[in-house]
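Enquirer:
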Amino acid sequence: ETPGEVYLSRTTRSFISKELSEQLLRKSTYEYPTDGDDIEDPFESNPSEESPMVIEHHVLWSMSYGVPVLYFNAWIS
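So the sequence shown is numbered by this note's numbering: it starts at 1 and just counts up by one.
1. Would you grab the beta carbon distance between T11 and E56 for me? Rounded to a whole angstrom, and I think it's under 8 Å.
2. Relative to the C-alpha of M53, which residue among S9, F15, P68, Y7 is closest?
3. In the DSSP assignment, the beta strand (DSSP E) including M63 goes from what residue to what residue?
4. Using DSSP's beta-bridge definition, name the partner residues of E50.
5. If the criterion is Cβ atoms closer than 7 Å, does the pair V67 and L60 meet it?
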C-alpha cells in the first residue's frame with residue numbers, strides 16, 4: 001500500500017434515542033433568529049422514537065510522524 005492512503009476503514013450504524021439526538025443536534029447547530037412563526041411542511045415525515053447514528057473510523061499513515069493516525073467521524077442521519 002501507498003503511505004497516505006486509507007488502509008483501514010470501519011462504518012457502524014446504531015440507533016440513539018430521540019432525546020439524545022435532539023440534544024446533540026442542539027449543541028452542534030446554530031439557531032438562526034426567525035421573524036415569524038415556522039411554516040410546517042405537510043410532506044415532512046414525523047421523526048420516530050429513535051434516530052440512526054453513523055460512526056466512521058479511518059486509519060491513515062501519517063507521513064510527518066511515521067505512525068498510523070485514527071480519524072473519527074460521527075453524524076446523525
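All C-beta atoms, glycine included, are put in the ideal place defined by N, C-alpha and C. Everything numeric in this text was worked out from a predicted model, so none of it was measured.
Expert: By the coordinates alone:
1. 5 Å
2. F15
3. Where M63 is concerned, there is no enclosing beta strand (DSSP E), given that its DSSP letter is neither H nor E.
4. S17
5. no
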